[in-house]
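> Sequence order for the protein chains is A, B, C and D. Position 8 (the first sequence) corresponds to -12 in our numbering; numbering is contiguous. Position 347 (the second sequence) corresponds to 361 in our numbering; numbering is contiguous. Position 53 (the third sequence) corresponds to 279 in our numbering; numbering is contiguous. Position 135 (the fourth sequence) corresponds to 121 in our numbering; numbering is contiguous. For glycine and all other residues, C-beta sits at the position ideal for the given N, C-alpha and C. Remember, it's a predicted structure, so these values are computed and weren't measured experimentally. Can you keep this structure in mind? I'll have questions shortly.
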Amino acid sequence: MNHWKLLTIPAFLLFFVGGCSDSGRFSQPIAYNHKKHIEEAGLGCFDCHTGAQTHQKASIPNIHFCKNCHEEAMTDSKEEEKLVGFIKKNELIPWVQVHRVPDHAYFSHRRHVSLGKIACQDCHGDVNNMTLPFTKPHVSINMEFCIRCHESKQVTTDCAACHR
Amino acid sequence: MEHASARPHPDAALLNPIENPGRTYYYIVVGLLVIILYTGFVYFRQLWYGLGVTGMAQPVTWGFYIINFVFFIGISHAGTLISAILRLSKAEWRRPITRMAEVITAIVLAIGGLHPIIDLGRPDRISHLFFNGRLQSPLLWDVASITAYFTASTIYLYIPLIPDIAILRDRGVKPRWLYEFLSWGWQGTERQHKVLDRAMNILMVMVIPIAVSVHTIISYIFAMTVQPGWHSTIFGPYFVVGAIFSGIAAILVLMIVFRKVFHLEGYLKHIHFNYLSILLLIMSLIWFYFTFSEYLTGFYGHEPNEMRVFWYKFAGDFAPYFWAMIVCNFALPVAILCNSKTRTIPGILIASISVIIGMWMERLIIVVPSLANPRLPYPTGIYIPSHTEWMLFLGGISVFILGYMIFARFFPVISIWEIEEGRHESAKIVAERITSYMPDPEPSATGE
Amino acid sequence: MNKKTIEALQVLSISLIWVLFTGIAVWIVSLLRESLRLHDAPDASVGISIIAIPVFFTLASILTYVFIGLRKGRKEESEP
Amino acid sequence: MKWGMVIDLQKCTGCGECAAACKLENNVAIVEPRESEMGRTMLWMDMLTIYEGEYPRLRVRQIPRPCMHCDHPPCTKVCPVRATYMNEEGIVAQIYPQCIGCRYCMAACPYTVKSFNWYKPSFPPGMDRATNPDVSVRPVGVVEKCTFCIHRLQMAKEQAKFEARDLREGDFQPACADSCPTGAIVFGDLENRDHQVNHLAHSPRAEKLLEDLGTEPKVIYLKEVD
């Protein structure tokens, strides 16, 4: 047994007290530009995030999808170069999922987008004008946020409807 | 104020431990601190790995922590309740005893109150109890009643302590600021005495129902479930009686220890031990009566699940503990205390220690067998406490001793001003009281 | 420590006790409200829980009474 | 809606397939043998050993035992933090992030169905990567129990709504009912006349465990007839 680990408990407690859920920032491998893709390439949310309307997960597109346009470089952007590099090497882009629902909660995009008719912007913000990828969640994903919306929309607030 | 302490005080024996604590005191404190530190380490280990380091399993999901919780809270009834009853009934022999008893309550309650938290699988989520607590659960009743009892008994300990703190302040005992701060400007004027008396009278009446409610509610933790051996209406009073019983034993042990260590033979006389041990004897008989009716009703009803637990205690795995409990709580103390020849101080010490052990076993016998014998045909549960649980038990006792020693280092364990008051006034008051009991002289004598 | 600081500390400790007990009262009331909102406590537990509140306030009042009473009951030592 | 389960002991062979399926479906931790000997085996669906009769005519049988999902659950009454409660569809749910691990519900449950995470849940090498993503792996120090595979209900309801239809009987079946090779475990809505459980629950063979406690279990056994 590693008793030295016990030393980390006070540190852990501090961390716990300090609040740890969504204050961290993430860095993305490629500085993806949502605005450019929407305005210049004329893409919509569901063109790339294909699961958002029909599946539990919205899915983040990766090389197999990006390949459709970016097999060869379209511009002289440094960031595109990186993408083309990934595609050439047939290597997955290590996107960081920023909007994360904890394991113990059930969340489905289909339920919210197709059945609940919630706009993407309500949770993810004004993505259409974002020139950089997400480094932190637009809203803090915690139960208070979920419950407030569920109460205002008068949908179920039964614990077991989301917890599992 | 150096010269002040040179003045011989009539109760110098009580002030001596505070003014000259001596070396052994610090050795013992260091020893206890070592044990407590190690206990802290053991507890952090439990926090890190989870409750798996204990001996609890399924179906015995409650073990030492809950047993000790009930046990310590039981001991705590020594103090405030008994002191309040003695004060209310104006028993003059209470004077050297009340303070010692009240201190037990305050310290033990703090230790006992921590046990359910030690028992939690996720103590980091304790805030859920405050933000999402559910008043329907007996555990929440416990949180509320133990808080009330703890605050009430601390206040009840503190208020009669004020004049003694003032004595220490006036004698210039260090740390001065502490006594200055705590004495609240006491000067012993008539008006101040009146205020203090009134406050104590209200408190006395208040703490008794609070104390009774606390242990009743602790018994409800068990009695509110439908488990065999727990679901019983007798549990409330049964627990209260057991608590007072173990409490008196704890006071007696402490009195004997202090008498020996601080040389208080002049204050704690044989009569005090005699009276208290007779109270212990009575409680032992009442305890036996409750135990008897508790098991007899179960046995007579002959409900199969109830009987499984019954035989588990009477002739099964728990029989050694059960019969040891009967010996410790009933046979031995009654045998010793019934006879005035054996009702000596060593005899009382043996009886009291046996009662404390016996009452701890009673808690064990209440908690474990009911859990070990589920209603559905599962294998009988086994419970072997681990090193962690034993350590936390020992740690709890060490914290108690240390707490008591720290209290005795700074404050007199026997109420000086109440003794003084007794010297001056009680003889007169008692004489007046006794005359008031007596029939008035025959009026016919003057008529003719 | 001089007299002023000690006095200030005494007043502070008394007010802290009031803060603590008010906190407990607020806590119980908020639990009651939540259980009523969720229709979770139909039993007598609601009524019984309310009893705890006056108990705490009585305790605090007794302490305050003693504190004020002792200050008023002092000899007039400040006078020459 | 009142979800319930009927276990037909006439059909049950005691094979234990339901217990195994449950364990895999719900990521129930697999404890080490040493721990298991101490009585820390975690099973949401346990196999109860029942002895009937006396020695020469002794009969031993294994019957499946999930959580009874009582209509008057003794466990939810005592929970100090609302970590366990009965929802409107009659499922007694356990909310893991809310549980403080006091184990009062375990002590109060007359059926002893709840399990506690004495240690951080562990899985044998290789298996830890094969946990069911639809169910969370519980943290250390919380109580857990059979949920009637409530995650399946969440998904089934969503699917039904997506297809704009009502929930059908077959849409929501817990893993044990799904896996039973003899079809002894039937699951459905006890209040819905179209569901099989509704008929079976009124069978003369129907009985409940510890019925006299008044807990009104929603798991109903159909006793064997010789």
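If I measure Cβ to Cβ from C/L257 and keep anything under 8 Å in the same chain, skipping five residues before and after, which residues do I get?
S275, listed in sequence order.
> In this structure, does DSSP put A/D2 in helix, strand or coil?
In this predicted model, A/D2 has a pLDDT of only 44, less than 50, meaning its place in the structure is not dependable enough to derive any value.
> Is D/H137 a contact residue of the ligand NAD, with contact defined as CB to any heavy atom under 7 Å?
This structure does not include the ligand NAD; it has no bound ligands of any sort.
> Within 8 Å (strictly less), CB to CB, does C/A234 reach chain B?
Closer than 8 Å: no.
> Threshold first: 4 residues or longer. Then list the alpha helix (DSSP H) segments lying entirely within the region 88 to 161 of chain D, N to C.
Within the region 88 to 161 of chain D, the complete alpha helix (DSSP H) runs of at least 4 residues are 90 to 94 and 136 to 148.
> Taking 8 Å as the cut-off, decide whether the C-beta atoms of B/V56 and B/F86 are in contact.
Not a contact, by the Cβ cut-off of 8 Å.
> Could you tell me whether the Cβ atoms of B/V209 and C/G299 are closer together than 8 Å?
Taking 8 Å as the Cβ cut-off, B/V209 and C/G299 qualify as a contacting pair.
> Whether or not the region 22 to 30 of chain B and the region 76 to 94 of chain D are in contact is what I'm after, with contact meaning three or more pairs of Cβ atoms, one per stretch, closer than 8 Å; do they touch?
No, the region 76 to 94 of chain D is not in contact with the region 22 to 30 of chain B.
> Take D/P96 and list the residues in its own chain whose beta-carbon comes closer than 8 Å to its own, dropping the five residues that flank it on each side.
Closer than 8 Å at Cβ, skipping near neighbours: P60, L196, L199 and T201.
> Residues of chain B with a CB under 8 Å from the CB of C/L257: which are they?
Result: G147, R148, L149 and L154.
> Answer with buried or exposed for B/M297, where buried requires no fewer than 16 other C-beta atoms within 10 angstroms of its C-beta.
The residue in question, B/M297, is buried, as its Cβ has 16 or more Cβ neighbours within 10 Å.
> Which first and last residues belong to the beta strand (DSSP E) in which D/Q80 is found?
Element bounds for D/Q80: V78 to Q80.
> Could you give the DSSP three-state label for D/W(-11): helix, strand or coil?
Residue state, collapsed to three classes: strand.
> Does C/G299 come out as helix, strand or coil in the three-state DSSP assignment?
Coil at C/G299, not helix or strand.
> Near B/F304, which residues of its chain fall below 6 Å by C-beta distance, leaving aside the five closest residues on each side in sequence?
These residues qualify, in order along the chain: Y252 and V255.
> Does the contact criterion of 3 or more C-beta pairs under 8 Å hold for the region 386 to 403 of chain B versus the region 317 to 334 of chain B?
Touching, yes.
> Residue range of the alpha helix (DSSP H) that B/M214 falls in?
Taken as a continuous stretch (DSSP letters only), the alpha helix (DSSP H) holding B/M214 covers E204 to A237.
> Could you compute how far the alpha carbon of B/I340 sits from the alpha carbon of B/I96?
Each residue's alpha carbon lies about 24 Å from the other.
> Please report the residue range of the beta strand (DSSP E) in which D/K172 lies.
According to the sequence as given, residue 172 of chain D is Val; it is not Lys. Counting along the chain, the beta strand (DSSP E) containing D/V172 begins and ends at I171 to D175.
> Give a yes or no on contact between the region 162 to 181 of chain B and the region 133 to 140 of chain D, applying the rule of three or more CB pairs nearer than 8 Å.
At 8 Å Cβ cutoff, the stretches do not touch.
> Please return the same chain residues whose Cβ sits closer than 7 Å to the Cβ of B/G147, not counting the five positions on each side in sequence.
So the list reads L154, once near-sequence residues are dropped.
> With a threshold of 8 Å between beta-carbons, can B/M6 be considered close to chain D, or not?
Since the first residue of chain B shown is 15 and the last is 462, residue 6 of chain B is not available in this structure.
> Could you please give me the residues that DSSP links to D/P50 through a beta bridge?
Paired residues: D/M33.
> Using 8 Å as the limit for Cβ to Cβ distance, is B/A166 near chain C?
It does; some Cβ of chain C falls within 8 Å.
> Starting from B/T119, trace the alpha helix (DSSP H) both ways and give me its first and last residue.
Run containing B/T119: T112 to D133, per the alpha helix (DSSP H) assignment.
> Using a 10 Å radius around the Cβ and a threshold of 16 neighbouring Cβ atoms, would you call B/T239 buried or exposed?
Looking at its Cβ environment, which holds 16 or more other Cβ atoms inside 10 Å, B/T239 is buried.
> Buried or exposed for B/H129, going by 16 or more other Cβ atoms inside 10 Å?
Classification of B/H129: buried, given that the 10 Å Cβ count is 16 or more.
> Have a look at the DSSP bridge pairing and note the partners of D/V205.
D/M(-9).
> Helix, strand or coil: which one does DSSP assign to B/I389?
First, the residue type needs correcting, since residue 389 of chain B is Arg and not Ile in the sequence shown. B/R389 falls in the coil class under three-state DSSP.
> When Cβ atoms are compared, which residues of the region -2 to 28 of chain D fall closer than 8 Å to chain B?
Within the region -2 to 28 of chain D, the qualifying residues are E21, M24, G25, R26 and T27.
> Shortest alpha-carbon distance to D/D32 belongs to which of D/E144, D/Q145, D/E3 and D/R154?
With distances taken between Cα atoms, D/D32 lies closest to D/E3.
> May I have a chain-ordered list of the alpha helix (DSSP H) segments no shorter than 4 residues that lie completely inside the region 389 to 421 of chain B?
Counting only runs of 4 or more, we get nothing.
> What residue does the alpha helix (DSSP H) around D/T70 start on, and which one ends it?
Looking at the DSSP string, D/T70 is not in any alpha helix (DSSP H); the run it does join, the beta strand (DSSP E), is T70 to M72.
> Residues of chain A with CB under 7 Å from D/S214, in chain order?
Outside the displayed span of chain D (-13 to 212) sits residue 214 of chain D, for which this structure offers no information.
> Taking DSSP as the reference, what is the three-state secondary structure of B/A71?
In the structure shown, B/A71 sits in coil (DSSP, three-state: anything other than H, G, I, E or B).
> Specify, as a first and last residue, the run of the alpha helix (DSSP H) that B/Y314 falls within.
Element bounds for B/Y314: H284 to G315.
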